[in-house]
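Peer 1: Quick one: structure below, then a few questions.
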Amino acid sequence: MAITVIVGYLGTAIWTLKVSVSSSRTFPVDDFVGLAQYVRLFGNDRWLLSLENLALYGVIFILATMIIGLLLAIFIDQKVAGEGVLRTVFLYPYAMSFVATGLVWQWVLNPGSGIQDAVRRMGFPDFTFDWIVNQDMVIYTIVIATVWQAAGLVMAMFLAGLRGIDDDIWKATRIDGIPAWRVYVSIVLPMLGPTIATVFVLLSTAVIKLFDSVVSMTQGGPGTASEVPTKFIMDHLFGRANIALASAASIVMLLTVIAIVAPILYARSRALKRAGSQ
Amino acid sequence: MSQAHPLQSHARRRWLQPGKIGVYVFLVCSALFFLAPLYIMLATSFKPMEEIRLGNIFSLPVEVTFEPWRLAWSDACTGVACEGIRGGFWNSVMIVIPSTILPILVGAVNGYALAMWRPRGGNILFGALMLGAFIPVQVMMFPLVRVLGSVGLFGSLPGIVLIHLIFSMPIMTLLFRNYYASIPEELFKAARVDGGGFFRIFVAVILPMSTPIIVVAAIMQVTGVWNDYILGLVFAGRENMPMTVQLNNVINTTTGARLYNVNMAATILTSLVPLTIYFLSGRWFVRGITAGAVKG
């Protein structure tokens, strides 16, 4: 069964590759036009914008989610009352689909009905928070909503990592009178290395696959300001009947994923083998 | 593991220290940020439209009404039809059941084969499978559409189930492989000495030991498949449109005034199944998603 899947994965990838070097539009055409589609792709402003958006989004989203998730984990780890409730609250967004939660975020951020409107009614008529309809800021609204969704998961993973750290380390640093924040920065954070790597891989794949949230929150708008590669591909596959161009874009994404993931997978399997042979 | 947390011995004294107050301020503010959307969804879903137009988004409903919930369930318009999202609910149920059972079975057999029988090239196969977990679905989408189309499965229930099977294979295989790798090998060897074959050992020895991992896998699959949007959108077809796709149609095709209360009720209805699983399964859910996160 595994073999069929490999054939399925590999086969479909090769098929996509083949389409990407053809001149197909609505239906696949069996010709060869070299890299023409790739040239077209990288001459396409919308595609370039979607790459730019994804890079900007990816950096901010990964950083913000990691920092917030780590802070939540550290703060929850201080023996606070109501830990269970807090964990439940931080993690529930992850259980919901983005198509569902995108709607409520769209509404909260909508200047006419959401936060801007509420603050104005409170007596600040000049208050402005219109990012979701602002071409320059819209991508940050997607960051806000997706961080909201993913931070709890990252918290759960970091919390597991923190709980795995030996208590003796804490005792020793306390005897030495080292302030807690220093212990976190100099000792705990390096010890969380493997967890951080895992979280990074997880968030990177989420970034590359980003689609639902954009569709449900902004539909790529205003204009094409929040366009992302997955949406570009979907639009050209099904909406604009340009499957060769979409396939070329898919292959570019595939290569990007392999470039990011393959070294990590390789390093892991090496590490596992070493651990196994000892 | 008994006690000895760094700050515990000071817990009582620390209560009034600025540091501890800061911790609570941070946590409470964060909790409010995380709860706000849920609160808005609930509050809005019980308001009549006039109240939504006049009041602000954070206010509690003055006059509680259940009408939006009824409308969302049975009358809201999804594109052309106005039958609410109940149809989508049942479609999702029909998709989720086989899309949970089949991938778990296949993943268990794969994991068992990889961990116990260690076929030649198994590791390479496994590596490629793992890479598959990271490939954006768009890469495989067009060929899969064509293949399913040519065998007449495109836009059918078996078609969408097959698609879910293909896309969840890597993670299910990984989950079961790692679980079976932790089972003592002697057990498997003993079963072989006793003359058990591939499937006999699987059914008689391995499967009965698999309950914990099956629970984790089931939680992952049910929530994952239920929350799926893109695969349902492309492969399920009009007849089997899952709830998430219908919800998006309700929200984004409404012409004229947007019925926010109905939309919010529909959103909560769509989220009920995964939320219920989350609240009931607690730790299992966390274990499932973190296991799912640790790919490779």
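Each protein sequence line maps, in turn, to chains A and B. To convert, note that position 222 of the first sequence is 224 in my numbering; the numbers rise steadily by one, no gaps. To convert, note that position 147 of the second sequence is 279 in my numbering; the numbers rise steadily by one, no gaps. Note that the Cβ used here is the ideal one computed from N, Cα and C, for glycine as well. For clarity, every value in this text was computed on a predicted model and none was experimentally measured.
What is the DSSP secondary structure of B/Ala265, counted as helix, strand or coil?
Peer 2: What you label residue 265 of chain B is simply residue 133 of the second sequence in a count that begins at 1. In the structure shown, B/Ala265 sits in a helix (DSSP, three-state: H, G or I).
Peer 1: Between A/Pro231 and A/Leu53, which are expected to be in contact by the criterion C-beta below 8 Å, what is the C-beta distance as a whole number of angstroms?
Peer 2: Here residue 231 of chain A corresponds to residue number 229 of the first sequence, with the count starting at 1. Here residue 53 of chain A corresponds to residue number 51 of the first sequence, with the count starting at 1. Right, the Cβ-Cβ distance comes to about 6 Å (below 8 Å), so this counts as a contact.
Peer 1: Would you say B/Gly264 lies against chain D (beta-carbon separation less than 9 Å)?
Peer 2: Considering every chain present, this structure includes no chain D. Its protein chains are A and B.
Peer 1: With 16 other CB atoms within 10 Å as the buried threshold, where does B/Tyr410 fall?
Peer 2: For the purposes of this step, residue 410 of chain B is taken as the residue at position 278 of the second sequence. With 16 or more other Cβ atoms within 10 Å, it is buried.
Peer 1: Of the residues that make up the segment 100 to 130 of chain A, which ones have a beta carbon closer than 7 Å to any beta carbon in chain B?
Peer 2: From the segment 100 to 130 of chain A, only Val101, Ala102, Thr103, Leu105, Val106, Trp107, Trp109, Val110, Ser115, Gly116, Asp119, Ala120, Arg123 have a Cβ closer than 7 Å to chain B.
Peer 1: To the nearest whole angstrom, what separates the beta carbons of A/Ala250 and A/Ser22, a pair I think is in contact under 8 Å?
Peer 2: Residue mapping note: residue 250 of chain A aligns to position 248 of the first sequence, counting from 1. Residue mapping note: residue 22 of chain A aligns to position 20 of the first sequence, counting from 1. Contact flag correct, Cβ pair sits at about 4 Å.
Peer 1: Considering only residues of the same chain and omitting the five flanking positions on each side of B/Val319, which have a CB-CB separation below 7 Å?
Peer 2: Position 187 of the second sequence, counted from the start, is the residue given in the question as residue 319 of chain B. Reading off the sequence, residue 319 of chain B comes out as Leu, not Val. Excluding residues up to 5 positions away in sequence, Val337 lie with their Cβ nearer than 7 Å to the Cβ of B/Leu319 in the same chain.
Peer 1: If contact is defined by three or more beta carbon pairs under 8 Å, each pair taking one atom from either stretch, is the segment 195 to 206 of chain A in contact with the segment 76 to 83 of chain A?
Peer 2: no
Peer 1: Please report how far the alpha carbon of B/Arg278 lies from the alpha carbon of B/Leu167, in whole angstroms.
Peer 2: Your numbering for residue 278 of chain B matches position 146 in the second sequence. Your numbering for residue 167 of chain B matches position 35 in the second sequence. Going from the Cα of B/Arg278 to the Cα of B/Leu167 covers about 43 Å.
Peer 1: Does the beta-carbon distance from B/Val335 to B/Gly420 come in below 9 Å?
Peer 2: What you label residue 335 of chain B is simply residue 203 of the second sequence in a count that begins at 1. What you label residue 420 of chain B is simply residue 288 of the second sequence in a count that begins at 1. No, the pair does not count as a contact, with Cβ atoms beyond the cut-off.
Peer 1: Determine the chain A residues that contact B/Pro169 at a beta-carbon separation under 8 Å, and present them in chain order.
Peer 2: Within the second sequence, residue 169 of chain B is the residue found at index 37, counting from 1. By Cβ distance, chain A contributes Pro95, Thr103, Val106, Trp107, Val110, Trp150.
Peer 1: In the DSSP output, which residue or residues are listed as bridge partners for A/Ala162?
Peer 2: To locate residue 162 of chain A, count along the first sequence from 1; it is residue 160. Paired residues: none, contrary to the question.
Peer 1: Does any residue of chain A bring its CB to less than 9 Å from the CB of B/Ile409?
Peer 2: Mapped onto the second sequence, residue 409 of chain B falls at position 277. With its beta carbon less than 9 Å from one in chain A, B/Ile409 belongs to the interface.
Peer 1: When the Cα of B/Phe308 is compared with those of B/Gly327, B/Val225, B/Lys321, B/Met341, which residue comes out closest?
Peer 2: Locating residue 308 of chain B in the second sequence gives position 176, where the first residue counts as 1. Comparing Cα-Cα distances from B/Phe308 to each of B/Gly327, B/Val225, B/Lys321, B/Met341, the minimum goes to B/Met341.
Peer 1: For the alpha helix (DSSP H) holding A/Thr207, just list the boundary residues, first then last.
Peer 2: Here residue 207 of chain A refers to the residue found at position 205 when the first sequence is read from its first residue. Element bounds for A/Thr207: 195 to 211.
Peer 1: Which residues, in chain order, does the segment 36 to 66 of chain A contribute to contact with chain B at a C-beta distance below 8 Å?
Peer 2: none
Peer 1: Taking 9 Å as the CB-CB cut-off, is A/Met68 touching chain B?
Peer 2: To locate residue 68 of chain A, count along the first sequence from 1; it is residue 66. So, not an interface residue.
Peer 1: Where does B/Leu186 land, buried or exposed, given buried means 16+ other C-beta within 10 angstroms?
Peer 2: Start at 1 with the first residue of the second sequence, and residue 186 of chain B comes out as number 54. The residue in question, B/Leu186, is exposed, as its Cβ has fewer than 16 Cβ neighbours within 10 Å.
Peer 1: The alpha helix (DSSP H) spanning B/Pro251 covers which residue range?
Peer 2: Translated into the one-based positions of the second sequence, residue 251 of chain B becomes position 119. Here B/Pro251 belongs to no alpha helix (DSSP H), and DSSP marks it neither H nor E.
Peer 1: Of all the options B/Asn384, B/Asn359, B/Ile298, which has the alpha carbon lying nearest to the alpha carbon of B/Ile236?
Peer 2: Counting from 1 along the second sequence, the entry for residue 236 of chain B is found at position 104. Among B/Asn384, B/Asn359, B/Ile298, the Cα nearest to that of B/Ile236 is on B/Ile298.
Peer 1: Might you give, ordered along the chain, the residues of its own chain that have their beta carbon closer than 7 Å to the beta carbon of A/Ser215, omitting 5 neighbours on each side?
Peer 2: Taking the first residue of the first sequence as position 1, residue 215 of chain A is located at position 213. Closer than 7 Å at Cβ, skipping near neighbours: Phe100, Gly104, Ile144, Ala147, Thr148.
Peer 1: List the endpoints of the continuous alpha helix (DSSP H) containing B/Met373.
Peer 2: Counted from its first residue, the second sequence places residue 373 of chain B at position 241. Premise fails: B/Met373 is in no alpha helix (DSSP H) and is neither H nor E.
Peer 1: Looking at the structure shown, is B/Ala323 part of a helix, part of a strand, or coil, going by DSSP?
Peer 2: Numbered from its first residue, the second sequence carries residue 323 of chain B at position 191. Three-state result, B/Ala323: helix.
Peer 1: Could you check whether the segment 125 to 136 of chain A touches the segment 241 to 250 of chain A, counting it as contact only if at least three pairs of C-beta atoms, one from each stretch, sit closer than 8 Å?
Peer 2: no
Peer 1: Quick one: give me the first and last residue of the alpha helix (DSSP H) that B/Gly239 is part of.
Peer 2: Within the second sequence, numbered from 1, the residue matching residue 239 of chain B stands at position 107. Counting along the chain, the alpha helix (DSSP H) containing B/Gly239 begins and ends at 218 to 244.
Peer 1: Using DSSP with H/G/I as helix, E/B as strand and the rest coil, what is B/Ala208?
Peer 2: On the second sequence, position 76 is the one that residue 208 of chain B refers to. Three-state DSSP puts B/Ala208 in coil, outside helix and strand.
Peer 1: Pull up the distance between the alpha-carbon of B/Thr355 and that of A/Leu93, whole angstroms please.
Peer 2: By 1-based counting over the second sequence, the position of residue 355 of chain B is 223. By 1-based counting over the first sequence, the position of residue 93 of chain A is 91. Whole-angstrom Cα-Cα distance: 14 Å.
Peer 1: Would you tell me roughly how many angstroms separate the C-alpha atoms of B/Gly328 and B/Ala313, rounded to the nearest one?
Peer 2: For the purposes of this step, residue 328 of chain B is identified with residue 196 of the second sequence, where counting begins at 1. For the purposes of this step, residue 313 of chain B is identified with residue 181 of the second sequence, where counting begins at 1. Computed Cα separation, rounded: 19 Å.
Peer 1: For B/Gly291, which residues from the same chain have a beta carbon less than 8 Å from its beta carbon, with the 5 sequence-adjacent residues on both sides left out?
Peer 2: The residue you call residue 291 of chain B lines up with position 159 of the second sequence. Correct list, in chain order: Leu280, Leu285, Phe367, Ala368, Gly369.
Peer 1: Within the same chain, show all residues whose beta-carbon is closer than 8 Å to that of A/Ile266, passing over the 5 residues directly before and after it, in chain order.
Peer 2: Translated into positions along the first sequence, residue 266 of chain A becomes position 264. Closer than 8 Å at Cβ, skipping near neighbours: Ala199, Val203.
Peer 1: Beta-carbon separation of B/Val293 and B/Ser231 under 9 Å?
Peer 2: By one-based count along the second sequence, residue 293 of chain B stands at place 161. By one-based count along the second sequence, residue 231 of chain B stands at place 99. Yes, the pair counts as a contact, with Cβ atoms nearer than the cut-off.
Peer 1: Grouping DSSP H, G and I as helix and E and B as strand, with all else coil, what is A/Ala66?
Peer 2: Position 64 of the first sequence, counted from the start, is the residue given in the question as residue 66 of chain A. Three-state result, A/Ala66: helix.
Peer 1: Helix, strand or coil: how does DSSP classify A/Ala243 here?
Peer 2: Sequence index remark: in the first sequence, residue 243 of chain A carries index 241 (1-based). It is coil, neither helix nor strand.
Peer 1: Have a look at A/Val31, A/Ser24, A/Ala120 and flag the residue whose alpha-carbon is nearest the alpha-carbon of A/Tyr40.
Peer 2: As a first step, residue 40 of chain A must be located in the first sequence, where it is residue number 38. Of the candidates A/Val31, A/Ser24, A/Ala120, the one whose C-alpha sits nearest the C-alpha of A/Tyr40 is A/Ser24.
Peer 1: Compile a chain-ordered list of the residues in the segment 237 to 248 of chain B whose CB is closer than 8 Å to at least one CB of chain A.
Peer 2: Val238, Val241, Asn242, Ala245, Leu246
Peer 1: In angstroms with no decimal places, state the Cα-to-Cα distance between B/Gly414 and A/Val31.
Peer 2: On the second sequence, residue 414 of chain B is found 282 positions in, with the first residue counted as 1. On the first sequence, residue 31 of chain A is found 29 positions in, with the first residue counted as 1. Cα to Cα, B/Gly414 sits roughly 51 Å from A/Val31.
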